[in-house]
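Residues 1 to 148 (the UniProt record's numbering) are what the sequence shown spells out, left to right.
Quick notes on the structure that follows.
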Amino acid sequence: MNASMFIGSYIVAFALLWRLAIVGFPFVIFLVIPGLMYGRTLMGLAKKIREEYNQAGTIAEQAISSIRTVYSFAGESKTIAAFSDALDGSVKLGLKQGLAKGLAIGSNGVVFAIWSFMSYYGSRMVMYHGAKGGTVFAVGASLALGGL
């Protein structure tokens with residue numbers, strides 16, 4: 001769906017006001033690259049976090065299933081330490097995931113920069129080339145939202 005929205009929005013933009021669409025087309029790279037990087041990074045981190053949680057879950061499951069043995073040999077502190085160590089990796093990966101999400105949300109500011117440029121250039125087209133404001137708005141929205 002995202003690829004069809006991307007292609008469809010640019011087709012609509014070129015059909016409505018080709019001059020503005022050509023001016024806005026080079027900004028596609030600023031929208032696509034952060035999205036791809038965000039997707040790949042989050043998929044990799046989510047897989048690693050799932051593996052870390054599986055390790056911690058295995059330790060907890062083993063401790064609960066053999067609680068009498070753990071208690072009789074006074075292994076509570078050892079089990080707690082092993083569980084805590086297993087969760088340390090997931091904490092570090094969670095911080096990396098938070099940074100990746102923050103950068104992705106921050107890169108949405110690029111959409112506003114593109115929108116402001118399209119509004120500026122669109123206003124010039126309204127003043128000097130007889131374009132209509134509604135068409136400029138539709139093309140700008142199509143280009144900005146199609147690249148997401």
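The C-beta atom is built at its ideal place from N, Cα and C for all residues, glycine as well.
All values derive from a computational prediction rather than experimental measurement.
C-beta contact flag for residue i and residue j at 8 Å
i	j	result
Glu52	Gly89	yes
Gln55	Ala86	yes
Leu31	Val136	no
Ser9	Leu145	yes
Val23	Gly147	no
Ile59	Phe83	yes
Ala131	Gly122	yes
Leu16	Ala104	no
Nearest neighbour of residue i, chosen from the options [CA to CA]
i	options	result
Met43	Gly106, Ile105, Ala100, Gly122	Ala100
Ser119	Gly133, Ile80, Thr41	Gly133
Glu61	Phe73, Ala46, Thr79, Leu45	Thr79
Unbroken alpha helix (DSSP H) run spanning residue i, endpoints
i	result
Lys47	28–65
Leu103	76–106
Phe117	109–129
Gly134	133–146
CB contact below 8 Å: residue i versus chain D
i	result
Val111	In the structure shown, chain D cannot be found, because there is only a single protein chain.
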